[in-house]
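Positions 0 to 574 (numbering that gives the first Met the number 0) are the ones given, in order, by the sequence shown. Some notes on the structure that comes next.
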Amino acid sequence: MPAARGVKRTASKSSAATASTGPKNKKKRGAIQLEIPVPPKRKGCVMTCGQGDVGQLGLGENVMETTKFKTVSVLGNKIVDVVAGGMHTVALDSDGKVWTFGCNDEGALGRPTSSDTDEGTPKQVTLPLPAVAVSAGDSHSAALLQNGDVFAWGSFRDSHGSMGLVVRGREGKPCKEPVRVDLGESAVGVASGGDHLVILTNTGSVYTMGCGEQGQLGRLAQRSASRDARQGFSALLVPSKVILKGGACRVWAGYHATFVMDASSDKMFAWGLNNYGQLGITGEKRKTAIYSPTECDGMRGRRWTDVSAGQHHSLAVDERGLAHSVGRCEYGRLGLGRDGDAVSWEAIPKLQDDTCVCVSAGTSSSFAVTQTGRVVCWGAGGEGQLGLGGSDDQLEPTPAQLEGRALRVTAGGQHTVVLVEDPTAQMEVTPAPESEKEEEKTESTEEKKKQNKRQKKQEQDEEITSTSSAQHAEVKDELEKVNGNEKKDTEPETPMDVNETDKQEDIEDKMDTREESEQTDKPEAEQTDTEVDSKDMDTSSQDTASDQDALRETDAALNGTDDPPGPREGGVASA
Numbered sequence: 000m001p002a003a004r005g006v007k008r009t010a011s012k013s014s015a016a017t018a019s020t021g022p023k024n025k026k027k028r029g030a031i032q033l034e035i036p037v038p039p040k041r042k043g044c045v046m047t048c049g050q051g052d053v054g055q056l057g058l059g060e061n062v063m064e065t066t067k068f069k070t071v072s073v074l075g076n077k078i079v080d081v082v083a084g085g086m087h088t089v090a091l092d093s094d095g096k097v098w099t100f101g102c103n104d105e106g107a108l109g110r111p112t113s114s115d116t117d118e119g120t121p122k123q124v125t126l127p128l129p130a131v132a133v134s135a136g137d138s139h140s141a142a143l144l145q146n147g148d149v150f151a152w153g154s155f156r157d158s159h160g161s162m163g164l165v166v167r168g169r170e171g172k173p174c175k176e177p178v179r180v181d182l183g184e185s186a187v188g189v190a191s192g193g194d195h196l197v198i199l200t201n202t203g204s205v206y207t208m209g210c211g212e213q214g215q216l217g218r219l220a221q222r223s224a225s226r227d228a229r230q231g232f233s234a235l236l237v238p239s240k241v242i243l244k245g246g247a248c249r250v251w252a253g254y255h256a257t258f259v260m261d262a263s264s265d266k267m268f269a270w271g272l273n274n275y276g277q278l279g280i281t282g283e284k285r286k287t288a289i290y291s292p293t294e295c296d297g298m299r300g301r302r303w304t305d306v307s308a309g310q311h312h313s314l315a316v317d318e319r320g321l322a323h324s325v326g327r328c329e330y331g332r333l334g335l336g337r338d339g340d341a342v343s344w345e346a347i348p349k350l351q352d353d354t355c356v357c358v359s360a361g362t363s364s365s366f367a368v369t370q371t372g373r374v375v376c377w378g379a380g381g382e383g384q385l386g387l388g389g390s391d392d393q394l395e396p397t398p399a400q401l402e403g404r405a406l407r408v409t410a411g412g413q414h415t416v417v418l419v420e421d422p423t424a425q426m427e428v429t430p431a432p433e434s435e436k437e438e439e440k441t442e443s444t445e446e447k448k449k450q451n452k453r454q455k456k457q458e459q460d461e462e463i464t465s466t467s468s469a470q471h472a473e474v475k476d477e478l479e480k481v482n483g484n485e486k487k488d489t490e491p492e493t494p495m496d497v498n499e500t501d502k503q504e505d506i507e508d509k510m511d512t513r514e515e516s517e518q519t520d521k522p523e524a525e526q527t528d529t530e531v532d533s534k535d536m537d538t539s540s541q542d543t544a545s546d547q548d549a550l551r552e553t554d555a556a557l558n559g560t561d562d563p564p565g566p567r568e569g570g571v572a573s574a
């Protein structure tokens, strides 16, 4: 049965830091401000084992018992939290929907059912808003909604039988469907014991309701803690505040006990049944039942991250991840590997090399999840609730037969539920809106156009460079031929005769005609592509013309010409 946790906020620290250290310098109640928790983000599949005679396994009406964990396929792979009640199970999915299955005799499922098949099939509970946390007891369930409201359904029970959930006149009445629990302030956490409900508010106040016969409400004297007292059901079923010296930041509820962590000091306080020392309260304060908040002296000196209380034993994890147990040892539920009860908290030897992240205490069995996602179990296994494939008890922690990485384990009356991470659920990618897809498509098309344009320009530049080089080489070769013929002439240097002049002019006219033809043959789109391309082409043509001018100057010098003519239109020089 889970802990309820709020997130502390102060003006000077981040939420993460204050949640772990607490506002040490603030003692006043008004300094505490807790926020509604965010539901877990890691999704997974639900697996169950143990007794399933009333549908609490969610595996169908034909599965009455299983000694190995099996997947509740109806729930899929989007569950973020799960809790096991006495004979029913409650699950929370990533959308804030609450699902229930199991025994519905007193309304613990929070929905109408018409048959055993209907009870054993996971179905949704109707709530006004998405839930962020859930809890479950023997015959009741509760949910914390995202706006801070708490809804509960089912019934509490005491030594006389059903107590109901709410007061109607002078009697208690069960609730087959969710009803709002009126506190007068916003809630940030909820936890269920066997037959009582604990609610943590945003100011650090703690409210309780339900059965108080073993002191688990923490606000009634022994003579006033039963339905036969003068105030009757009103004192029990109307949620009332527990008197605490300071505010609370976390609460846990066990079968007959309640644990609270002080917000300013991280000290642990507890109340309820303590006949086997299961509260970890020793010395003069140790009594069979404790009816008001009392510090757990055996838990001093370290900070605790998780607590779970079974019928006659309790489990806890400290900030180092070390698991401890206290209370009755029957069936090996303490995991200490020996006989004899533990009247003070003892570290579990076989788990000292493991870092535990959470623990859960069933009626007579115990479970833990390690940081590596391994589930270990010990204690009573007569109904197959240990998930080991048999029904033997285990005196020490033993790895459960489970595939996948466990996120959470929760123990019910005679069944066990595990949330196993589904890697495919963690890698879901939200599809992009159609508008974004169109934008991406347009951007891709534009980018391709730009690439084609750049490639086209590069090819043009290479073509121009190649053409200019070829033209330059041809002009040079022709001039060298002409000059070579002149050098062979032994007569004194005289002006070039008419035939030689005509020959050179014919060569250059041919070059002009070739270049004009190449310019004309280019596609129209290439000639007018962009302003930048035109400039580059002009520059290349000018470079070519400059080279040709130099050759003409050389030729003119050889032929005795003083002023070489300028370039013609088209960039080719005439001799």
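Cβ atoms here follow ideal geometry from the backbone N, Cα and C, with glycine treated the same way. Source: prediction; values computed, not measured.
How long is the line joining the alpha carbons of residue i and residue j, rounded to whole angstroms?
i    : j    : result
N273 : V205 : 21 Å
V189 : G209 : 14 Å
G336 : A367 : 16 Å
A379 : S307 : 16 Å
V71  : S114 : 19 Å
L350 : G183 : 43 Å
L33  : S363 : 34 Å
H139 : I347 : 32 Å
D391 : G334 : 14 Å
N24  : T409 : In this predicted model, N24 has a pLDDT of only 36, less than 50, meaning its place in the structure is not dependable; the value taken from the coordinates is given anyway. Spanning the two alpha carbons is a distance of roughly 36 Å.
C376 : R110 : 32 Å
P238 : A220 : 16 Å
F268 : E345 : 18 Å
E105 : Q310 : 21 Å
A141 : P396 : 31 Å
L128 : G388 : 40 Å
E402 : Q370 : 15 Å
R285 : A322 : 23 Å
A228 : L314 : 33 Å
W98  : Q55  : 12 Å
T66  : K240 : 42 Å
I think residue i touches residue j, with their Cβ atoms under 8 Å apart; what is that distance to the nearest whole Å?
i    : j    : result
L144 : L126 : 7 Å
R404 : E420 : 5 Å
D296 : G282 : 6 Å
V325 : S343 : 6 Å
R226 : D157 : 6 Å
P36  : V187 : 6 Å
Q384 : T415 : 5 Å
V178 : V197 : With a Cβ gap of about 17 Å, V178 and V197 do not count as contacting.
Check for me: the beta strand (DSSP E) holding residue i runs from which residue to which?
i    : result
A135 : 130-135
D117 : That residue, D117, is in no beta strand (DSSP E); its alpha helix (DSSP H) goes 115-119.
S313 : 312-317
R156 : 155-157
R407 : 405-410
K77  : Premise fails: K77 is in no beta strand (DSSP E) and is neither H nor E.
Y275 : Element bounds for Y275: n/a, residue is neither H nor E.
T362 : Neither: T362 is in no beta strand (DSSP E) and is coded neither H nor E.
P396 : 393-398
K122 : 122-124
Going by DSSP, what residues sit across from residue i in a beta bridge?
i    : result
I198 : V189, Y206
T257 : A252, W270
R167 : E170
F100 : T88
Q50  : E64
K240 : Y206
Q413 : For Q413, which the question treats as bridged, DSSP gives no partner whatsoever.
Does any heavy atom of the ligand ZN sit closer than 7 Å to the C-beta of residue i?
i    : result
Q221 : With respect to the ligand ZN, the structure shown offers nothing to examine, as it has no ligands at all.
So, residue i versus residue j, is the Cβ gap smaller than 8 Å?
i    : j    : result
A601 : L91  : Here the chain comprises residues numbered 0 to 574, so residue 601 is not present and cannot be evaluated.
S161 : P173 : yes
V180 : V133 : no
G217 : P292 : yes
G386 : C48  : yes
E329 : F232 : no
G271 : G214 : yes
G84  : V53  : no
D340 : R332 : no
K40  : I78  : no
D265 : R222 : no
I31  : A256 : no
K69  : M86  : no
W152 : E118 : no
L235 : G253 : no
Please list the terminal residues of the continuous alpha helix (DSSP H) segment that includes residue i.
i    : result
S233 : 232-236
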